[in-house]
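Working notes, beginning with the structure itself.
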Amino acid sequence: MAKSAKKAAKKPAAKKAGKAAPKKAAPKPVAARKVPPAAAKPAPPAAPVVDKERFTLYGMLGSGPTYTVALMLALSKYPFSYIHVNLREGQHKQPDFLVKNRYGQVPALRDGQVYYVQSAAVLLHLADALHKFDGKSEFEKNRIREWLFWQWDKLAVPVFRLRARARGLRQFGDEVRIMYDTEAKAALAMLENELGKAEWIAAKRPTIADIGAYGVLRYVAEANIDITPYPNVSAWKKRFEALPGFGTPEQILPMESRLL
Ligand SMILES: N[C@@H](CCC(=O)N[C@@H](CS)C(=O)NCC(=O)O)C(=O)O
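According to the working numbering, the sequence shown is numbered sequentially starting from 651.
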């Protein structure tokens, strides 16, 4: 490129058009800027101590109760190791697993040296231990327990039985199917009514009562139950899925074991 052409290319467009270029604001003298003294800066909140070797979850990707526990850890932003238990091969009935879960079921959660079982009880333990999604008063803690007991009594059993039938894992006739379907819908109607009065199930914020319920309601479609006739439940489900850290079973549960 010729020298003159290079100069023209460098010139600002305004000058070329004969207009005065807009004046740059002169930088403020440093002394005039207000710089708060270092001591006045608020200390950043202490980062919670996360021990990645603390938790190991034993379970299976297709298991709703395993997902419930994984969801609690994911929403609490707590990493965990994961051991896949092969139910098809009966690993959950072997002596080395029965020492972790006497009921011969998944999930089991190792927290340090102790194994915790029964997903609702695991949620209660984690809420207490991590101070996440817990009740802040005796009143709230009690409401949460009531909801967790109700969920297993009235919601989880019919939904999981219907899902197991749909997946060919359980066989029962139409009479029993209709019974579970009626029970599941009665539970949904109850929840629909409660969620018409409040955004979250047991408190003014999400708690383990919501995590427990989501761990079942995630699977209603697989149990051939449509939740569109329950608009409050549907809206709550969307709110829950927008929580930071939320993930689907496929997003938070690996297919294979994973050690951290
Ligand atoms: N109430 C238990 C239910 C656990 C459960 O039903 N686990 C199933 C897999 S989703 C299981 O291990 N089934 C095998 C069996 O019961 O023998 C919990 O919440 O942990």
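Glycine residues also receive a C-beta, built at the ideal position from the N, C-alpha and C atoms.
- Taking the Cβ atoms as the reference, residue 718 lies roughly 6 Å from residue 862, within the contact range of under 8 Å.
- With the rule of 3 Cβ pairs closer than 8 Å, the region 731-745 does not count as touching the region 784-797.
- Burial check for residue 752: the Cβ neighbour count within 10 Å stays below 16, so the residue is exposed.
- Closest by C-alpha distance to residue 762, out of 710, 888, 775, is 775.
- Taking 8 Å as the cut-off, the Cβ atoms of residue 812 and residue 834 count as close.
- Below 8 Å, too few C-beta pairs join the region 736-752 and the region 719-727 to call them touching: fewer than three.
- In the three-state reduction of the DSSP assignment, residue 784 falls in the coil class.
- Contact annotation: residue 707 and residue 905 have beta-carbon atoms that are not nearer than 8 Å.
- In this structure, the C-beta of residue 853 stays at least 7 Å away from each heavy atom of ligand 1.
- Sixteen is the threshold: since fewer than 16 other Cβ atoms of the shown chains lie within 10 Å of the Cβ of residue 907, the residue is exposed.
- By DSSP's assignment, residue 734 forms a beta bridge with 709.
- For residue 764, the secondary structure class from DSSP, reduced to helix, strand or coil, is strand.
- By the neighbour-count criterion, in which a residue is buried when 16 or more other Cβ atoms sit within 10 angstroms of its Cβ, residue 714 is buried.
- Within the chosen limit of 7 Å, ligand 1 does not reach the beta carbon of residue 744 with any heavy atom.
- Judged by the Cβ position, residue 800 fails to qualify as a neighbour of ligand 1 at the 7 Å threshold, every heavy atom of the ligand being at least this far.
- Chain-ordered, the residues whose CB falls short of 5 Å from any heavy atom of ligand 1 come out as 713, 715, 755, 756, 768, 769.
- Pairing residue 855 with residue 892, the inter-Cα distance amounts to about 13 Å.
- Beta bridge pairing from DSSP links residue 759 with 707, 766.
- For residue 908, the three-state secondary structure derived from DSSP is strand.
- Assignment of residue 726 by DSSP, reduced to helix, strand and coil, places it in the coil class.
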